């Protein structure tokens with residue numbers, strides 16, 4: 016699915032619930048990905064960035080009924096996959112150890 020103003024609105028409404036429950040003031044920045052399917056509801060799975068000092072990633076599952084009402088099933092910071100998370104920690108540690116960001120190099124074969 017292509018991100019639209021409607022899906023951005025869904026993300027903003029979901030994030031408003033998250034902010035109320037957690038005492039935060041996140042604002043939707045950019046919609047990155049939208050997936051969905053239809054049953055008796057339209058299901059939208061939205062991945063988006065938020066701003067609150069630093070750029071962070073969030074995920075939401077929003078259900079839209081045929082009457083237009085919305086229900087937010089899931090709203091949370093994006094869950095990172097363990098292998099990727101460990102790799103990112105490794106890169107941060109490597110950066111501290113060598114004093115600069117690691118650079119990719121190419122080796123001629």
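Residue numbers (the working numbering): 16 to 124.
Ideal placement from N, C-alpha and C gives every residue a C-beta, glycine not left out.
No experiment lies behind these values; they were computed from the predicted model shown.
Tell me, to the nearest whole angstrom, how far the beta carbon of residue i is from that of residue j; I am working on the premise that it is less than 8 Å.
i	j	result
residue 73	residue 30	7 Å
residue 56	residue 82	Between residue 82 and residue 56 the Cβ distance is about 10 Å, and since that is not below 8 Å, they are no contact.
residue 49	residue 18	5 Å
Quick check on DSSP: helix, strand or coil for residue i?
i	result
residue 22	helix
residue 117	For residue 117, the pLDDT reaches just 49, beneath the cut-off of 50, and the residue's location in the model is therefore unreliable, although a value from the coordinates is still provided. Of the three classes helix, strand and coil, the one that applies to residue 117 here is coil, per DSSP.
residue 56	coil
Based on DSSP bridge pairs, tell me the residues matched to residue i.
i	result
residue 45	64
residue 38	Bridge partners of residue 38: none, in fact.
Would you call the segment 74–82 and the segment 58–65 touching, i.e. three or more CB-CB distances under 8 Å?
yes
Segments of 4+ residues assigned as alpha helix (DSSP H) that fall wholly inside the segment 63–93
Qualifying alpha helix (DSSP H) stretches: none in this window.
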